[in-house]
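Per the working numbering, residue 17 is the first one in the sequence shown, and the count goes up by one each step.
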Amino acid sequence: MRKPTDLKNAAKTWQTMVDSNQALLLRKSGHDAGWWAERGREAGLKNDSELRDWMRDEHGITGYAQHAASWEMFGYPEFMLRDADELIDAQYASHPALRPIADAFLAWAAETAGVEIQMRKGYVSLHSPRRKFAQVTRANNTTVDVALRLDAPAEGRLEPVKVRAGDFFDRRVRLTSVEEVDDEVLGILAKALHQNT
Numbered sequence: 017m018r019k020p021t022d023l024k025n026a027a028k029t030w031q032t033m034v035d036s037n038q039a040l041l042l043r044k045s046g047h048d049a050g051w052w053a054e055r056g057r058e059a060g061l062k063n064d065s066e067l068r069d070w071m072r073d074e075h076g077i078t079g080y081a082q083h084a085a086s087w088e089m090f091g092y093p094e095f096m097l098r099d100a101d102e103l104i105d106a107q108y109a110s111h112p113a114l115r116p117i118a119d120a121f122l123a124w125a126a127e128t129a130g131v132e133i134q135m136r137k138g139y140v141s142l143h144s145p146r147r148k149f150a151q152v153t154r155a156n157n158t159t160v161d162v163a164l165r166l167d168a169p170a171e172g173r174l175e176p177v178k179v180r181a182g183d184f185f186d187r188r189v190r191l192t193s194v195e196e197v198d199d200e201v202l203g204i205l206a207k208a209l210h211q212n213t
């Protein structure tokens with residue numbers, strides 16, 4: 017399986033969420049994040065909590081739409097400004113032997129119709145057009161876990177995971193080498209994609 021060579025184009029980063037939250041704020045209020053940040057400064061708001069309370073209590077703006085104004089007013093976390101290559105490089109910088117496992121899943125995702133890759137600070141999120149169906153995470157110094165939203169018996173390589181109530185990612189496959197990313201594992205991943213499409 018080939019290594020994905022152009023993550024900047026194959027993967028989405030936090031910018032996807034930033035754009036979505038900005039669009040949501042504009043739809044809900046008719047004003048963009050810059051407008052809200054300016055009004056917040058005029059109101060003398062000093063921190064995120066004050067801004068959120070003010071937006072909710074005085075303007076009826078709640079939820080993700082508030083993030084857009086907060087980031088505009090108080091700045092973006094540093095990791096949200098990184099591109100896809102920087103995010104994946106940082107995840108495996110101290111564990112280069114595990115990077116080929118992640119690369120194999122990224123290559124599968126990039127080549128599979130209907131799969132969107134979203135890079136995060138500590139993991140890679142795989143989404144169908146409907147919702148997230150898998151998460152690839154360096155679990156420790158020797159393993160990479162693929163957590164799955166999958167209705168299937170926990171048997172063989174598919175292990176049960178204890179999760180909080182309401183968390184649907186209660187199955188995982190744990191891998192220690194790229195050779196373990198075989199047809200069986202990719203078949204499990206494809207099944208999770210199918211169930212969540």
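For each residue, glycine too, the CB sits at the ideal point set by N, CA and C.
Using alpha carbons as the reference points, say which of the options lies closest to residue i.
i: residue 119; options: 129, 103 and 130; result: 103
i: residue 154; options: 37, 181, 179 and 190; result: 190
i: residue 88; options: 41, 136 and 193; result: 41
i: residue 43; options: 53, 54, 81 and 57; result: 81
i: residue 79; options: 111, 90 and 45; result: 45
Which residues bound the alpha helix (DSSP H) around residue i?
i: residue 54; result: 49-58
i: residue 204; result: 199-211
i: residue 68; result: 64-75
i: residue 193; result: Per DSSP, residue 193 belongs to no alpha helix (DSSP H) and is neither H nor E.
i: residue 81; result: 80-90
What is the residue span of the beta strand (DSSP E) that residue i lies within?
i: residue 149; result: 148-154
i: residue 4; result: In the structure as shown, the chain begins at 17 and stops at 213. Residue 4 is therefore absent and cannot be evaluated.
i: residue 140; result: 140-143
i: residue 132; result: 132-135
To the nearest angstrom, report how far apart residue i and residue j are at their CA atoms.
i: residue 63; j: residue 71; result: 12 Å
i: residue 126; j: residue 74; result: 44 Å
i: residue 185; j: residue 168; result: 11 Å
i: residue 188; j: residue 136; result: 19 Å
i: residue 60; j: residue 86; result: 14 Å
i: residue 39; j: residue 201; result: 37 Å
i: residue 68; j: residue 92; result: 16 Å
i: residue 178; j: residue 209; result: 21 Å
i: residue 183; j: residue 133; result: 20 Å
i: residue 100; j: residue 130; result: 19 Å
So, for residue i: in the same chain, excluding its five sequence neighbours on each side, which residues have a beta-carbon less than 8 Å away from its beta-carbon?
i: residue 212; result: 144, 146, 147, 148, 149 and 165
i: residue 159; result: 114, 190, 191 and 192
Kindly list the residues whose CB is nearer than 7 Å to the CB of residue i, restricted to its own chain and excluding five residues on each side of it in sequence; keep chain order.
i: residue 83; result: 37
i: residue 139; result: 151, 152 and 153
i: residue 174; result: 168, 187, 189 and 204
Closer than 6 Å by C-beta to residue i: which residues in its own chain qualify, once you throw out the five before and the five after it? Chain order, please.
i: residue 172; result: none
i: residue 48; result: 42
Point to revise | Residue ranges of each alpha helix (DSSP H) within the segment 98-127, 4 or longer | key: Those alpha helix (DSSP H) runs which fall completely within the segment 98-127 and span 4+ residues are 100-108 and 115-127.
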